Structures are given as structure tokens and as C-alpha cells.
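Undergrad:
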Ligand code: NDP
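Numbering (the numbering used here), first residue to last: 12 to 431.
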């Protein structure tokens, strides 16, 4: 039966089609390498020619590969433990719904306990800072091998299991975007696992390692490092707590699992999102108490907007009569679903992106204003969210037509009130 249901060919190619995909295959790992090499120089200046780049021999370290595989295995074991509820994803093309174990927060807490124990036993956490480039290269290598495996596996998958976004028929493009929607080994969902756990929890652990390196170098962690660590740990814990919400995101529903997400989850997120901490170890910054309080306030404002808007929409989508959202103004659509037009979703059309970007700024400010490198995250993230917003608008216009036009008329700004 499933074999008879076909996923339509992807006609609208993104990222410039196969050529763009080919370019990104090199640009993504190249950017990680460039950022880390530049960050590790005395002036961390992005203006001069990068380098000198370490030789291939020094970049390739089998122990880094082994360490990362051990890390991913630990997270995989924590994921399959029969702890936490099992929930169902959205209805698929063949009318089935996949089951997912929800226990990312528990996995993060167990990891924190294990790491706490390792700190007490004097585990050499500064290894991560000292071998950061080698670890990033190892992560890129693992992502590449995984993507090749995923593409090979997708060739044997039933037509109904292919991703609506990654079924163009062009092998390079489909390899990049991801050909199969929900590749699984038995009941182990590879995309769902990689989206949250090894990379995001790994990002937190990396920040902790940077803090330990500061302690080794200067006797105690700096206020700047503590802020960066605290803000980003809160963000990751929030993502783990709201794990179920990713089941309705574009990544899970639309994109397949290919190089783009595998590299993004396993290399890009942990090794570029932690750039502020990496920067602070070599370029310490003095932070006054009032400046620190101002930055904490900024992060809190961002978090309130981010969490408030995401929770409001999730509550509304789950149950529009929920007393928390029942009083909000809405627009009916031809699909039967309604669109929120007041509350956070009446402020701008993507208030959750606004909150996320305010937090991104608060994560970079502890690194001072003299260098642009630690601001890489907010610059990249602005580009990503503006592009993502355009993708989402396009999908919503197709889904809701006139109702979406009415929403755009009543809420004219996309992300930044009165600006954009
Ligand atoms: P959103 O959570 O913004 O979801 C968009 C969907 O919400 C639309 O397709 C539509 O779907 C629904 N929607 C839009 N407007 C309304 C409305 N007015 N009323 C009701 N429903 C509406 O998408 P994302 O997955 O992009 O973002 C989720 C969060 O993840 C954000 O906070 C984002 O910042 C964050 N994020 C973080 C990243 C990172 O690297 N740190 C990367 C990407 C995202 P429908 O109508 O079908 O329900």
C-alpha cells in the first residue's frame, strides 16, 4: 500500500538548486574552519586574510573522532531508555503517524550529573578547548559519512517515505537537502535524534569546557563567560523541555535528512554557536556589574517574547478553546484552522524570531564591542531567520490564501515592529 503512495517531485528548488547545494557543501565546513582559525589568533580580526591554516595532519585526529562517537553513543543510549512518554508525530502521506520518545530534558539532566561527577574526578575538560579544531573536523567528517549513509538508505526507501522538499530527482540536491523524510533504524529516528541531542547538549558541554579552561588559565571563570554559559544553557534546556514542539517544525515535516541538517546538527550548531565562549578564553573581557545587569535584562526580555509567543501558538494550535488563548482575536481560514491576530502574534508576524534575535544579541554583548567575530551568531541568525520567514510566508500564502493576505494587512511587520 505504502509503495503506491508517491511523494510528488520537488519542483521549487531552494538555495539556488543543485549548484547552490554544491557550493554550500564546501562553504559550510569552510566557514566553520575559517571562524575557528580566526578566533584563535591574537587579534581575531576578520579583516585580514585568514590563516595560517593548520596542516591536514594536525586537523585530523582519530581520538577526536572516537571521542565524538562516544558522545553520540551516550546520547543515543539515553534516548532509547524507556524513560519519558511516547508521543505521535503529524499524520504522514501514507496516513500513519510515527512514535517518538520524549525524554530530551531527562537526557540533559543525566548528562549534567555525569559531567558533574567527571569534574569532581578531575576529568581533563580543557582537552576540548585545546583540540577544538580537530573536534570540529571530526564532527564534519561524521556528518559527511552519515549523509552518505542516509542518501544510500533513501534509495531503498518506499516512494511515500521521501521528503517533499528533497525529491527533485537531482542526486546532488537531494543528497544536500535530504531525500528521505524520517529515516529510521528500527524505531530509532535518526533526524529527530540529531536535531536536539548530540549537538545542542554538546553545545552546552563545550561551553562548560571553555569555562574550565578559563579556570585552568586564570583561576576562576569570568563574569562574561558565566553569562554566555548561563544564557545558552537556559536556551538549550528550554528546547529540551519543549522537545515535542519540533515535531511540527519545517525541519521535521518538510525537509528530509541529508547533509544540510546532519552537518547543521552535528557540526555547525555546536562549533559555531559556541564561538562567544571560544573567543572569551583567548580574549578575556572585563564586564561591569551594571553592564552585566543590562545584558541579563535584555536576555530576559528576549526570552519572554520567544517563549511567550511560541507557547501561545502551540497552546492555540493544540486547543483553540484553551482559556489561556480563547480570548485572543483570530482570522478564520478556508482550511478550518484560524490565525491569531492579537497577543504576541498581533505584534509582528514572527514574534518568536524577534525574541530569538534579542537573545542572540545578549549572548554576544558579554564579548565587548571591539571585535565583530563573536557577533557572527546574530549576523548569521538574522540571515537565517529572514530567509526562514520568507519560506514560511510562502507556505502560509499557499495554505491560507486570502486569510493570510488579511493577516498581513492587519499585522504589517514581519519580525521587527515598524522596521521589517
Ligand atoms: P514557527 O514556530 O514560527 O511556525 C510557523 C508556523 O506557525 C506557520 O507555518 C503556521 O503554521 C503557524 N502560524 C504562523 N502565523 C500564525 C498565526 N498568526 N496564528 C497561528 N499560527 C500561525 O516556525 P519555526 O519552526 O521556524 O520556529 C520555531 C522556533 O524555533 C522559533 O522561535 C525560532 O526562532 C526557533 N528556531 C531556532 C533556530 C536556531 O538555530 N536557534 C533555527 C530555527 C528556528 P500552521 O498554520 O500550519 O500551524
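Glycine is no exception: its CB is placed at the ideal position from the N, C-alpha and C atoms.
It should be emphasised that the depicted structure is a prediction, and the values quoted were computed from it without experimental measurement.
Just to check my reading of the structure: residue 425 and residue 359 have Cβ atoms closer than 8 Å, yes? What is that Cβ distance to the nearest angstrom?
TA: One-based indexing of the chain shown puts residue 425 at position 414. One-based indexing of the chain shown puts residue 359 at position 348. So it is a contact: roughly 6 Å between Cβ atoms.
Undergrad: Would you report the Cα separation of residue 96 and residue 126, rounded to the nearest angstrom?
TA: Walking along the chain shown from the start, residue 96 turns up at place 85. Walking along the chain shown from the start, residue 126 turns up at place 115. The alpha-carbon atoms of residue 96 and residue 126 are separated by roughly 25 Å.
Undergrad: How is residue 200 classed by DSSP in three states: helix, strand or coil?
TA: Within the chain shown, numbered from 1, the residue matching residue 200 stands at position 189. Looking at residue 200 - three-state DSSP - the assignment turns out to be strand.
Undergrad: Can you tell me which of the three DSSP states residue 98 falls into?
TA: As a working mapping, residue 98 is identified with position 87 in the chain shown. It is a strand residue.
Undergrad: Nearer than 6 Å: is that true of the beta carbon of residue 266 relative to any heavy atom of the ligand NDP?
TA: For the purposes of this step, residue 266 is identified with residue 255 of the chain shown, where counting begins at 1. No, the Cβ of residue 266 stays beyond 6 Å of every heavy atom of the ligand NDP.
Undergrad: May I have a chain-ordered list of the alpha helix (DSSP H) segments no shorter than 4 residues that lie completely inside the region 385-426?
TA: Taking only runs of at least 4 residues, the alpha helix (DSSP H) segments lying wholly in the region 385-426 are 387-411 and 413-421.
Undergrad: Between which residues of its own chain and residue 371 is the CB-CB distance below 6 Å, once the five residues before and five after are set aside?
TA: Residue numbering aside, residue 371 sits at position 360 when the chain shown is read from its first letter. Cβ neighbours of residue 371 beyond the five flanking positions: 388, 389 and 392.
Undergrad: For residue 60, does the count of other Cβ atoms within 10 angstroms reach 16, so buried, or fall short, so exposed?
TA: Residue 60 sits at position 49 when you count from the first residue of the chain shown. Exposed: under 16 other Cβ atoms inside 10 Å.
Undergrad: Rounding to the nearest angstrom, what Cα-Cα distance links residue 418 and residue 250 in this structure?
TA: Translated into positions along the chain shown, residue 418 becomes position 407. Translated into positions along the chain shown, residue 250 becomes position 239. Cα to Cα, the separation comes out at about 28 Å.
Undergrad: Taking residue 75 as the reference, give the member of 146, 118, 289 and 262 with the closest Cα.
TA: Within the chain shown, the letter at position 64 stands for residue 75. When each option's Cα is compared against that of residue 75, the closest is 146.
Undergrad: Please classify residue 23 as buried or exposed, where buried requires at least 16 neighbouring CB atoms within 10 angstroms.
TA: Mapped onto the chain shown, residue 23 falls at position 12. Counting Cβ neighbours within 10 Å, residue 23 comes out exposed, since fewer than 16 surround it.
Undergrad: With DSSP as the reference, label residue 434 as helix, strand or coil.
TA: Since the first residue shown for the chain is 12 and the last is 431, residue 434 is missing from the structure and cannot be characterised.
Undergrad: From the DSSP output, which residues share a beta bridge with residue 341?
TA: The sequence position of residue 341 within the chain shown is 330, counting from 1. Note: residue 341 sits in a beta bridge opposite 351.
Undergrad: Can residue 346 be considered in contact with the ligand NDP, in the sense that its beta carbon sits closer than 6 Å to one or more heavy atoms?
TA: Along the chain shown, one-based indexing puts residue 346 at 335. Checking every heavy atom of the ligand NDP against the Cβ of residue 346, none is found closer than 6 Å.
Undergrad: With respect to the alpha helix (DSSP H) encompassing residue 301, which residues constitute its N-terminal and C-terminal limits?
TA: Counting from 1 along the chain shown, the entry for residue 301 is found at position 290. Residues 300-329.
Undergrad: Output yes or no for whether 7 Å exceeds the beta carbon distance between residue 188 and residue 100.
TA: Translated into positions along the chain shown, residue 188 becomes position 177. Translated into positions along the chain shown, residue 100 becomes position 89. It is not a contact, given that the beta carbons lie outside the stated cut-off.
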